[in-house]
Amino acid sequence: MKKVTTRFGVYSGLAATIFFLGPMVVSPDSFLQPENMASGEVVGYTTMFLCMSLVFFGVRAHRKEASGGYSFGDGFKAGLLITVVSTVVFYLGNVLVYEVIKPGFLEEFFVFYREYMVENGSSEAEIAQMDSSAVMMTNGWIYAVVMASTTFLMGLVISLISGITLRRSATV
10 MKKVTTRFGV YSGLAATIFF LGPMVVSPDS FLQPENMASG EVVGYTTMFL CMSLVFFGVR
70 AHRKEASGGY SFGDGFKAGL LITVVSTVVF YLGNVLVYEV IKPGFLEEFF VFYREYMVEN
130 GSSEAEIAQM DSSAVMMTNG WIYAVVMAST TFLMGLVISL ISGITLRRSA TV
């Protein structure tokens with residue numbers, strides 16, 4: 010089980026890191042354009058979800074290796090292990106991007122987004138709420154935890170679905 014869960018977890022985490030953060034490294038200016046913000050969120054979360062769907066395929070590969078029955082618990086446990094590995098890889102990828110490759114990007118993005126909110130008529134309360142989260146949202150280590158938590162929750166849901174759908178009764 011360790012080989013399958015590690016392999017699919019690493020694949021999922023690397024795919025999420027490359028597809029989610031890669032464009033940010035290659036073309037950071039495109040992320041600081043108002044017309045790209047809304048679509049960027051949709052593309053980003055869709056990408057994370059698609060990469061986390063490798064959890065399902067990892068559980069399926071694990072089930073193929075198992076002889077006899079395959080319970081919900083077996084599938085859920087395999088999915089959870091894949092999710093943990095993937096989340097750790099994605100977390101490290103986020104830290105690498107925000108603290109090493111593009112330090113200062115989060116601060117630039119925060120300032121840009123705040124100005125965007127002001128120019129587009131956001132309320133004082135909304136702007137104050139964003140300002141209060143500045144420390145958390147501009148610290149690469151903390152922001153990486155937030156992003157990794159998102160992928161973990163997606164992986165948890167996919168692990169549950171995988172455990173339910175990939176059950177197999179033991180043959181007599």
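So for the sequence shown, this note's numbering puts the first residue at 10; every next one is plus one. The beta carbon of each residue, even a glycine, is placed where N, CA and C say it ideally should be.
Check                                                                                                                      : Outcome
Ordered list of alpha helix (DSSP H) runs contained in the segment 81-165, each at least 4 residues                        : 81-104, 114-128, 133-141, 143-147
Among F58, F65, T15, Y122, the one whose alpha carbon lies nearest that of D38                                             : Y122
Residues that Y79 bridges to, as DSSP identifies them                                                                      : R177
Outcome for I136 when other beta-carbon atoms lying within 10 angstroms are tallied against a minimum of 16                : exposed
Inter-residue spacing [alpha-carbon to alpha-carbon] between L175 and V13                                                  : 16 Å
N-terminal and C-terminal residue of the alpha helix (DSSP H) that S21 is part of                                          : 11-35
Cβ pair S95, G164 closer than 8 Å                                                                                          : yes
Beta-carbon contacts of D140 that lie in its chain and below 8 Å, excluding the five residues immediately before and after : R123
Status (buried if at least 16 other CB within 10 Å, exposed otherwise) for V106                                            : buried
Exposed unless 16 or more other CB atoms sit within 10 angstroms - verdict on A25                                          : buried
Counted within 10 angstroms of its Cβ, other Cβ atoms place I91 as buried (16 or more) or exposed                          : buried
Buried or exposed by the 16-neighbour rule on C-beta atoms within 10 Å, applied to T55                                     : exposed
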